[in-house]
Structure formats: structure tokens, C-alpha cells
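To start, the structure under review is shown below, and the notes come after it.
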Amino acid sequence: MNNMRAIDRSNTTHDIKISSKDVRVSYAGTEAIKGVDVDILDKAVTAFIGPSGCGKSTFLRCLNRMNDTIDICQVTGEIKLDGVDIYAKSIDPVQLRAKVGMVFQKPNPFPKSIYDNIAYGPRIHGLTKNRAELDEAVERSLRKAAIWNEVKDRLDAPGTGLSGGQQQRLCIARAIATSPEVLLMDEPCSALDPIATAQVEELIDELRQSYSVVIVTHSMQQAARVSQKTAFFHLGEVLEYDDTQKIFTNPDNEKTQEYITGRFG
Amino acid sequence: MTDATAEGGATPQRSSLLELDERTRKRNAAEQRFKLYGIGAIAVGVLALLFLLITILINGVSAFQQTFVTVEIELLEERLDPEGNRNLDEMRKVTTFGYNPLLEAAVAAKIEALGLETELTGGALRALLSGGSASQMRDAVLADPALVGQTVEFRFLASSRVDGYMKGRVTAETVERDRNFTPAHLELAVAMVERGTIEKRFNMAFITGADASDNRPEQAGIGVSMIGSFFMMLVVLGLSLPIGVAASIYLEEFAPKNRFTDLIEVNISNLAAVPSIVFGILGLAIFIQFAHLPQSAPLVGGLVLTLMTLPTIIISTRASLKSVPPSIRAAALGLGASKMQAVFHHVLPLAMPGILTGTIIGLAQALGETAPLLLIGMVGFIASNYPDGVASGFLDPNSGMPAQIFEWAKRADPAFYERAWGGIIILLAFMLTMNILAIILRRRFERRW
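In order, the protein sequence lines correspond to chains A and B.
Residues 0 to 264 (numbering that gives the first Met the number 0) make up the first sequence, in order.
Residues 0 to 448 (numbering that gives the first Met the number 0) make up the second sequence, in order.
Here it is, written out as C-alpha cells:
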């Protein structure tokens with residue numbers, strides 16, 4: 000498995016998709032992120048690990064400007080998506096979020112049918128011209144999220160009626176349906192049982208083919224299993240950012256070593 | 000960890016689970032006492048409600064029945080249409096005074112036919128009937144001139160005294176002090192009741208009819224003021240729902256959280272507690288004295304009630320918007336929906352049941368409000384005319400149901416008092432309907448997430 004990964008890695012192009020420089024986030028004067036520089040690669044999975052409250056989720060939410068929705072939150076520094084500063088005045092966060100999709104910690108399907116859940120994104124962005132195209136987009140997204148076979152007979156059933164793992168894959172399918180370039184996942188498996196977790200992880204690995212995926216996780220095993228790059232966050236700073244294999248076998252930083260061996264956190 | 004063992008000097012005391020210790024007993028007793036208080040409180044509430052409902056029913060149900068007198072009247076042509084050509088313009092010249100002699104003659108004939116004897120004659124006989132009887136005859140004749148010359152059976156409302164006797168309100172003793180209605184009248188009425196000429200029937204006119212002047216309580220109905228209430232509710236619904244919902248959505252979802260919005264928020268809550276009479280005087284100052292809108296018009300009443308209902312709707316709408324889980328907003332925003340799309344596509348539909356319930360409760364409250372109507376002149380006159388159309392429904396002087404009830408309750412004649420109770424029954428029926436509607440809508444729109 001590890002060998003396979005190594006080959007994979009050498010084969011993928013490692014263009015930088017998102018670059019960040021000296022990103023600082025403060026909530027009403029308290030600094031939650033203190034100068035983070037992380038470059039996220041295209042067509043790879045980047046994992047953010049670290050103890051609770053270290054700022055991983057906050058940083059993730061900077062990448063699609065979800066922090067804008069919190070009044071007291073202030074972001075400084077520079078984050079570039081394909082070389083474009085996403086915090087520039089001329090950038091509309093709504094347009095940005097169509098390019099940078101997000102999957103949340105708790106599965107949050109809309110209280111509508113499975114079909115409408117998936118179709119919502121394409122509808123509001125006008126991605127499809129007619130009903131047939133929309134049907135096709137829905138099927139494609141559900142297939143990509145590996146849930147098509149389970150729900151194809153009940154697309155009209157409410158999305159909230161699915162099991163937790165199915166709901167989370169539905170949310171992933173929903174995020175994919177808007178054809179984003181980057182997929183942000185905020186602890187996508189923390190509310191799921193081990194089997195559902197395995198399914199989602201497998202899915203993440205497949206999504207890497209087409210998207211740049213950023214995942215925040217509390218599970219180090221998960222980070223090791225699914226990611227190619229790992230950033231270790233501690234007290235609002237990135238202490239170490241390197242290939243996943245290196246982080247988990249031979250980290251440079253002492254704190255990283257302590258964290259991954261379970262001595263704190 | 001080591002600290003805990005070092006400090007934990009108190010060794011656990013062994014006690015039997017089979018007997019209750021002092022603390023547990025006290026705790027259980029306190030819980031029992033609290034339950035009893037709760038049951039007591041509910042019992043008081045239920046008793047009060049039962050008492051209220053029973054009193055209302057006992058006092059009000061009689062208003063739905065009215066005493067009628069059946070009389071056959073010969074509509075003499077020489078009196079009603081002296082020209083004999085059935086020309087309506089000519090016939091209109093005969094006022095109700097022209098009909099009175101026919102009425103008196105008919106009642107006298109009826110008494111004779113029944114084999115009764117009385118010292119009463121002429122105009123005194125009319126005291127048995129409602130003051131509106133002559134105009135009832137005139138209306139019938141003008142509607143169908145062909146009746147002239149025939150003998151027609153009329154069912155007239157009995158006077159409020161006869162009605163009062165039938166309902167136990169008027170007795171021989173009270174009649175002694177009455178100037179218009181003598182013991183001889185009562186004697187005659189009793190005999191006519193026995194012969195079946197005077198009888199009690201269901202009185203639809205109470206529900207559909209118009210108010211009547213002080214000396215004709217038997218004619219008064221709540222119908223016209225019901226229409227007034229209806230037009231007021233149209234104004235309230237049409238204004239307070241969109242304004243209230245828009246204001247709440249803005250405050251809850253879009254407005255920046257700063258001192259100014261905090262101030263607005265506090266003041267909306269305060270407005271909900273402002274006495275309604277204050278809104279009444281505000282409406283008087285703004286809508287009538289400043290904007291010169293017509294007095295006593297349901298439009299103005301509706302505007303005032305809108306002001307009063309807005310805080311209720313805003314508060315309940317904000318509460319139901321707040322109760323929509325933030326994850327739904329995050330999901331929509333994360334997909335690249337704009338804030339407005341997130342609100343209108345996802346948050347609002349989920350908040351709908353709460354908004355509708357709040358609106359209907361607010362409307363029900365507005366429907367029952369009396370005090371503001373006092374100040375803008377929707378009481379103190381006889382709401383006797385049905386509006387001609389929609390515009391006149393909004394702009395012509397009218398009353399509202401609660402104002403009509405208030406008006407009846409303050410009139411001297413006890414016959415009006417009975418109508419006030421009857422009006423309350425109708426008002427409560429409307430409230431109940433609206434509340435049931437609120438529950439049904441809530442059930443209908445409620446979705447789980």
C-alpha cells in the first residue's frame with residue numbers, strides 16, 4: 000500500500016493550487032491563527048492535524064471565506080487560489096465558494112429530497128440547461144460520491160432519512176455537484192462509525208484524481224491513510240508541513256513527534 | 000491523580016440501599032410537593048377557564064334566540080298606494096307612520112281572533128312589537144308592490160320587553176316601573192304566548208344583522224361590525240406580515256450586530272409590552288389628525304392594529320428563524336449560495352410554521368383588541384349600514400366586533416347586555432377557529448431536519 004502511494008505521488012503533478020502567506024485570524028482581538036504559510040497542492044490530499052483549538056478548522060474556513068459569515072472574525076495576510084488573491088476587494092465570496100466546496104463535520108443535508116439536495120448547487124449556479132442534464136449531473140455526483148447504488152431507487156426520499164454515513168457521502172456528492180476545484184473537509188468522519196469512515200476515506204482517495212482536497216482530522220491514522228501532505232497545527236501556528244510519510248515516520252519537530260505518538264493532545 | 004488520593008480523606012460511608020437516608024427522603028418529599036403545586040396551578044387554571052366558558056354560555060346563548068310575533072296584515076291600497084298605479088316613487092312617499100295604523104288594526108284583529116280581551120288600543124298595542132316593525136312592512140311592500148291589497152302574514156320581532164319576559168329578564172315587578180310596557184301588555188303577551196302567536200326562534204339576524212339604536216335592542220346584530228373586523232384584519236394581514244417578516248429577516252440574518260441594532264431589538268421587545276391604548280392615541284395623532292384619513296374607518300383601525308401586531312410577528316418570526324440550525328445556512332453558503340438564496344431557499348421554508356403561527360396569534364390578538372378602536376372613533380355610533388363595496392368597506396365608518404360588544408355592554412337596557420355576551424361567543428368562535436387554523440398550518444408545514 001505504501002509503495003503504491005509512493006508511486007502515485009511521483010506520478011501526480013504537484014502544481015500549487017492554493018498558496019497562503021502570513022495568514023492571521025483574530026476573533027474580537029484574540030488571535031486564533033498567528034501567521035500560517037501553507038501551499039496546498041493540486042490533485043492531492045492535504046491533511047491538517049493538531050490538538051483541539053489549534054486553529055486547523057479556522058484556517059480551513061479561510062480558504063473559502065466561510066469566516067466572513069462570522070462578524071467578529073478578522074483575516075489578514077494573503078491567500079491565493081491559482082495566483083488570485085481571494086481576499087481582494089473585487090472577489091465575491093459567493094463565486095469563490097462555488098469553486099472551493101466544503102463538507103462539514105456534521106452531515107447537514109437539506110431537509111429536501113436526495114435529488115434536490117444534489118441539484119441545488121447546479122440550479123443556483125445555472126450549470127445545467129435542462130432537466131435531462133440536471134438528472135445526469137445528479138447521477139454523476141452521486142456516483143462519484145459512491146452512494147448512487149444505495150439511493151438510485153429513492154431519489155425522492157428525504158436526504159435526512161439516510162444513515163449518518165450515507166448523509167455525509169450525500170453532502171460530499173452535493174459539494175461535488177457544483178464542480179469545484181478544491182474540496183475542503185472539516186472532520187468529515189468524526190460523526191461516523193468505522194465502516195462509514197472507511198467508505199468516506201476510500202472516497203477521498205478517489206476524489207484526489209480530480210480535485211485538490213484539504214481535510215481537517217483528529218485521527219492521525221486517517222491523516223496517514225488518506226493524505227499526501229500533512230500540516231501539523233499547534234496553538235495557531237503550523238509547526239511542520241511536509242510529506243505525510245515524513246511527518247509520520249521522521250518528523251523534524253519535537254512537538255510533532257510528541258503529538259503523533261500520543262504524548263499530548 | 001496523586002493529589003486526589005492524598006486529599007480524599009473521607010472514606011465512603013456504607014449504607015443500605017433498602018432504607019432511604021435523610022437526604023433522599025427530603026429530596027423525594029420536595030419533588031412530591033412540587034408536583035402537587037403544579038397540579039394545583041393547573042387545576043386553578045382549568046377551573047377559571049371552565050367558569051369563564053360556562054358563564055359566557057349561560058349569559059350569551061339566549062342572544063341567538065329571539066321572540067317573534069306572527070300577525071296577518073291587510074295591506075290596504077288606499078293607505079299605501081292612494082293613486083292605485085303601483086308607482087314606486089309615489090309609494091315611497093308613504094312613511095312608516097303611514098303603515099302604523101295598518102299594524103295597529105292587524106294586532107287588534109289578531110287579539111280578537113284569538114278570543115282575548117284587553118283594554119289596550121291603538122298605538123299602545125304597538126308596544127308588543129319591535130319599533131322596527133313598520134319599516135319591515137314598508138320594505139316588504141316596496142320590494143314587491145304586488146302585495147298591496149292582499150292580506151299578508153308577517154313575522155315581526157317582539158319588543159325587547161316581551162323578549163325579556165320570554166327569557167326571564169322581565170317580570171311583573173319590573174313591568175310596574177316601566178312606562179312603555181304596562182302590566183296589561185304583559186298579561187296580553189302571556190296569553191298570546193299560550194296561543195302560539197308569540198314564540199321564540201333562532202335569530203339569524205343577530206349574526207348577520209346591523210346594530211340598532213338604544214330603544215330597539217331586539218333588532219341589534221353583530222354582522223356589520225363583523226365586516227368591519229374583516230376589513231381591519233385584511234389591512235393587518237396585508238401590512239404586518241410582509242413588514243414584520245422582512246424586518247425580522249433583515250435583523251436576524253443581515254443586520255450587523257452593533258449598538259444601533261441592539262437598540263432596535265430592545266425597543267421591539269418593549270413595543271410588544273406597550274398598552275394597546277397607547278397605539279390607539281398614536282393612530283389618532285398620525286393617521287387621523289396628521290394624515291387626515293377618515294375617522295372610524297376600518298382602514299385606520301387596521302393601520303393601528305398593524306402597529307400593535309408588528310412586534311408580536313417580529314418576535315415570533317425571529318424566534319423561528321433562530322431555531323433553524325446554523326448548519327443549514329452553512330451548507331447553503333458552502334455550496335456558493337448567496338446569503339439571500341440561503342435565507343429564502345432554506346431558512347425561510349423551515350421557519351414557516353413558526354412564522355405562520357406567530358402571525359395568526361398576532362391576528363387573533365388584533366381581532367380581539369378594543370382599546371385602540373375607542374380612540375379612533377370606531378365606537379359610540381350605530382354601525383347600521385353594510386358597506387357598499389370594497390372601497391367603502393375600508394373607508395366608511397364602521398365598528399369592530401370587540402368595539403361593538405363594548406358598545407352594547409355600556410348601554411343601559413339589559414337587553415343589550417345579553418347581546419354583549421352573545422357577541423363574545425361569536426368573537427371567541429372566531430378566535431378558536433384562527434387558533435385551530437394555526438395548529439393545522441403548523442402541522443402541515445412542519446419538517447424535521
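C-beta atoms are modelled at their ideal positions from N, C-alpha and C, and glycine is treated no differently.
Open item on the list: Less than 8 Å between the C-beta atoms of B/Val68 and B/Phe155, yes or no?
Closed with: Start at 1 with the first residue of the second sequence, and residue 68 of chain B comes out as number 69. Start at 1 with the first residue of the second sequence, and residue 155 of chain B comes out as number 156. Yes, these two residues count as a Cβ contact at 8 Å.
TODO: Return the first residue and the last residue of the beta strand (DSSP E) that A/Glu77 is part of.
DONE: Within the first sequence, residue 77 of chain A is the residue found at index 78, counting from 1. Taken as a continuous stretch (DSSP letters only), the beta strand (DSSP E) holding A/Glu77 covers Cys72 to Leu80.
Task: Other residues of its chain near B/Asp302: CB distance less than 6 Å, five sequence neighbours each side excluded - done: As a working mapping, residue 302 of chain B is identified with position 303 in the second sequence. In the sequence as displayed, the identity of residue 302 of chain B is Leu instead of Asp. Cβ within range, chain order: Phe286.
- [ ] Classify B/Arg160 as helix, strand or coil using the three-state DSSP reduction.
- [x] As a first step, residue 160 of chain B must be located in the second sequence, where it is residue number 161. Correct three-state label for B/Arg160: helix.
Task: Member of B/Ala40, B/Thr196, B/Ser228 and B/Pro293 whose CA lies at the smallest distance from the CA of B/Ala105 - done: For the purposes of this step, residue 105 of chain B is taken as the residue at position 106 of the second sequence. Considering only alpha carbons, the answer is B/Thr196.
Open item on the list: To the nearest angstrom, how far is the alpha carbon of B/Ile360 from that of B/Glu445?
Closed with: Taking the second sequence and counting its residues from 1, one reaches residue 360 of chain B at position 361. Taking the second sequence and counting its residues from 1, one reaches residue 445 of chain B at position 446. Cα to Cα, the separation comes out at about 17 Å.
Open item on the list: Distance cutoff 8 Å, beta carbons only. Does B/Gly353 sit that close to anything in chain A?
Closed with: On the second sequence, residue 353 of chain B is found 354 positions in, with the first residue counted as 1. Closer than 8 Å: no.
TODO: Please go through the same chain and pick out, in chain order, the residues whose beta-carbon is closer than 6 Å to the beta-carbon of B/Pro396, but skip the five residues on each side of it.
DONE: For the purposes of this step, residue 396 of chain B is identified with residue 397 of the second sequence, where counting begins at 1. The beta carbon of B/Pro396 sits closer than 6 Å to those of Ser295, all from its chain and outside the five residues before and after it, given in chain order.
Task: Best match in A/Pro50, A/Ile146, A/Ala190 and A/Leu133 for proximity to A/Leu202 [C-alpha to C-alpha] - done: In the first sequence, the residue the question calls residue 202 of chain A occupies position 203. Of the listed residues, the one whose Cα sits closest to A/Leu202 is A/Ile146.
- [ ] State yes or no: is the C-beta of A/Thr68 within less than 8 Å of the C-beta of B/Leu334?
- [x] On the first sequence, position 69 is the one that residue 68 of chain A refers to. On the second sequence, position 335 is the one that residue 334 of chain B refers to. Contact flag unset, no.
Open item on the list: Taking CB distances under 8 Å as the criterion, tell me whether A/Asp81 reaches chain B.
Closed with: Here residue 81 of chain A refers to the residue found at position 82 of the first sequence. A/Asp81 does not count as touching chain B.
Task: Cutoff 8 Å: B/Leu440 Cβ touching any chain A Cβ - done: Reading the second sequence from its first residue, position 441 is the one you call residue 440 of chain B. Chain A contact via Cβ: absent.
Task: Whole-number beta carbon distance between A/Gln221 and A/Cys188, since they are thought to touch under 8 Å - done: Mapped onto the first sequence, residue 188 of chain A falls at position 189. Mapped onto the first sequence, residue 221 of chain A falls at position 222. A Cβ-Cβ distance of about 7 Å is found for the pair A/Cys188 and A/Gln221, placing them in contact under the 8 Å criterion.
Task: At least three beta-carbon pairs within less than 8 Å, the stretch 236-252 of chain B to the stretch 340-359 of chain B - done: yes
- [ ] Report yes or no: do the stretch 268-282 of chain B and the stretch 302-313 of chain B share at least 3 C-beta pairs separated by less than 8 Å?
- [x] yes
Task: DSSP state of A/Gly34 mapped onto helix, strand, coil - done: For the purposes of this step, residue 34 of chain A is identified with residue 35 of the first sequence, where counting begins at 1. DSSP places A/Gly34 within a strand segment (E or B) once states are collapsed to three.
Open item on the list: Buried or exposed, going by whether 16 or more other CB atoms sit within 10 Å of the CB of B/Lys54?
Closed with: For the purposes of this step, residue 54 of chain B is taken as residue 55 along the second sequence, with counting starting at 1. For the record, residue 54 of chain B in the displayed sequence is Thr; it is not Lys. So B/Thr54 counts as exposed.
TODO: Please report how far the alpha carbon of B/Thr316 lies from the alpha carbon of B/Met377, in whole angstroms.
DONE: For the purposes of this step, residue 316 of chain B is taken as residue 317 along the second sequence, with counting starting at 1. For the purposes of this step, residue 377 of chain B is taken as residue 378 along the second sequence, with counting starting at 1. Their backbone Cα atoms lie some 30 Å apart in a straight line.
Task: Unbroken stretches of the beta strand (DSSP E), 3 residues or longer, contained in the stretch 50-122 of chain A - done: 72-80 and 99-102
Task: Below-8 Å beta-carbon distance, B/Lys256 vs any chain A residue - done: Position 257 of the second sequence holds residue 256 of chain B. So yes, B/Lys256 belongs to the interface.
Task: Residues of its chain near A/Val24, where Cβ-Cβ distance is below 6 Å and the 5 sequence neighbours each way are ignored - done: By 1-based counting over the first sequence, the position of residue 24 of chain A is 25. Here the set comprises Ala31, Ile32, Thr57 and Val74.
Task: Listed by chain order, chain B residues near A/Gly120 by CB distance under 9 Å - done: By one-based count along the first sequence, residue 120 of chain A stands at place 121. By Cβ distance, chain B contributes Leu334, Gly335 and Ala336.
Task: Spatially closest choice to B/Ser536 from B/Met430, B/Pro100, B/Phe230 and B/Leu373, by CA coordinates - done: Here chain B covers residues 0 to 448 and nothing more, so residue 536 of chain B does not appear.
Open item on the list: Any contact between the stretch 125-141 of chain A and the stretch 337-350 of chain B? By contact I mean 3 or more CB pairs, one from each, below 8 Å.
Closed with: no
Task: Contact list for A/Thr68 against chain B, beta-carbon separation under 7 Å - done: Within the first sequence, numbered from 1, the residue matching residue 68 of chain A stands at position 69. Per Cβ cutoff of 7 Å: Leu332.
Open item on the list: So, for B/Thr150: in the same chain, excluding its five sequence neighbours on each side, which residues have a beta-carbon less than 8 Å away from its beta-carbon?
Closed with: Working through the second sequence from its first residue, we reach residue 150 of chain B at position 151. Glu71, Ile72, Glu73 and Leu74, listed in sequence order.
Open item on the list: With three or more beta-carbon pairs closer than 8 Å as the criterion, would you say the stretch 404-412 of chain B touches the stretch 40-53 of chain B?
Closed with: Here the stretch 404-412 of chain B makes no contact with the stretch 40-53 of chain B; the two share fewer than three CB pairs at distances below 8 Å.
Task: Among B/Phe289, B/Gly367 and B/Thr311, nearest to B/Ala495 - alpha-carbon criterion - done: Within the shown structure, residues of chain B are numbered from 0 to 448, placing residue 495 of chain B beyond reach of any answer.
Open item on the list: Closest to A/Leu80 by C-alpha separation, out of A/His217, A/Asp192, A/Ala174 and A/Asp14, would be which residue?
Closed with: By 1-based counting over the first sequence, the position of residue 80 of chain A is 81. Among A/His217, A/Asp192, A/Ala174 and A/Asp14, the Cα nearest to that of A/Leu80 belongs to A/Asp14.
TODO: Specify, as a first and last residue, the run of the alpha helix (DSSP H) that B/Met203 falls within.
DONE: As a working mapping, residue 203 of chain B is identified with position 204 in the second sequence. Met203 to Thr207 is the span of the alpha helix (DSSP H), which, as asked, contains B/Met203.
Task: A/Arg23 - DSSP class collapsed to helix/strand/coil - done: For the purposes of this step, residue 23 of chain A is taken as residue 24 along the first sequence, with counting starting at 1. In the structure shown, A/Arg23 sits in a strand (DSSP, three-state: E or B).
- [ ] Can you check DSSP and say which residues form a bridge with B/Lys199?
- [x] If you number the second sequence from 1, residue 199 of chain B lands on position 200. Answer is B/Thr66.
Task: Same chain, Cβ closer than 6 Å to B/Ala254, neighbours up to 5 away in sequence not counted - done: Position 255 of the second sequence, counting from 1, holds the residue named residue 254 of chain B. Counting only Cβ-Cβ distances below 6 Å, and skipping sequence neighbours, we find Thr260.
Open item on the list: Considering Cα atoms alone, identify which of B/Leu426, B/Ile425 and B/Gly421 is closest to B/Asn58.
Closed with: Position 59 of the second sequence, counted from the start, is the residue given in the question as residue 58 of chain B. Minimum Cα distance to B/Asn58 is reached at B/Gly421.
TODO: Return helix, strand or coil for A/Tyr210, following the three-state DSSP convention.
DONE: Working through the first sequence from its first residue, we reach residue 210 of chain A at position 211. It is coil, neither helix nor strand.
Task: Nearest-angstrom Cα separation, counted from B/Leu362 out to B/Ile267 - done: Position 268 of the second sequence holds residue 267 of chain B. Position 363 of the second sequence holds residue 362 of chain B. Distance between the alpha carbons of B/Ile267 and B/Leu362 is about 18 Å.
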